[in-house]
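Below: the structure, in structure tokens.
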Amino acid sequence: MRKKGIIILVVVAISFLSWQIFIPKYEYHHYKIDGCQDGDFTVVVYSKIGERGLMLAKGIQNDMPANNYIIDREFSGFDAYFDVVATCEKGQIVINYHAGYFDPKHTSSEIIPKRVDYDTYDSLKSSDKAKHIYLN
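The sequence shown begins at 129 in this note's numbering and counts up by one.
Structure follows, in structure tokens:
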């Protein structure tokens, strides 16, 4: 009888640990670009077994967006960081970056990645019409 209880406890513990390892986890970060109509956007940090990345979508999102988003898959490892400056151009959110890449399979008409040189990036960081985002 006692042996059966220990076996049940071990099975429950292993099941719980497996569930914690395999279930995807999401963190939602909401931002607003000052002086921009419809300047709200969401950065979702997701992690699942073997992958960690960022998903960016326009508007305030509290669930994973089904479409119209972009993905940065380079947010993994011990030294991972995400350093961008968001601006607003013609009603679209533009994600200005100088390092990394965004997954070309996921595109959006509302939030657009734009690679810029470091001098442009540095001047955008100090602009009052831009939002600097740094996550690690």
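Where a beta carbon is used, it is the ideal one built from N, C-alpha and C, also for glycine. Owing to the predicted nature of the structure, the values given are computational and were not obtained by experimental measurement.
Between Leu182 and Asp207 the beta-carbon gap is near 15 Å, outside 8 Å, which marks them as no contact.
Looking at the backbone, the Cα of Arg243 and that of Asn195 are separated by about 22 Å. Residue nearest to Lys186 within the set Ile177, Val172, Lys176 and Gly178 is Val172 (criterion: CA-CA distance). When the five nearest sequence neighbours on each side are left out, no beta carbon in the same chain lies closer than 8 Å to the beta carbon of Asp191. Where Ser175 is concerned, the enclosing beta strand (DSSP E) starts and stops at Asp168 to Lys176.
Here Lys176 is near Pro152, since their CB atoms are less than 7 Å apart.
In this structure, Asp256 is the residue among Leu263, Asp247, Asp256 and Tyr262 with its C-alpha nearest to the C-alpha of Cys164. Only residues of its own chain outside the window of five on either side were considered, and among them Val213 and Lys253 have a CB closer than 7 Å to the CB of His260, listed in chain order. In this structure, the CA atom of Gln220 is about 8 Å from the CA atom of Gly167. Assignment of Gln148 by DSSP, reduced to helix, strand and coil, places it in the helix class. Cβ contact annotation for Val222 (same chain, cutoff 6 Å, sequence separation greater than five): Thr215, Ile240 and Lys242, in chain order.
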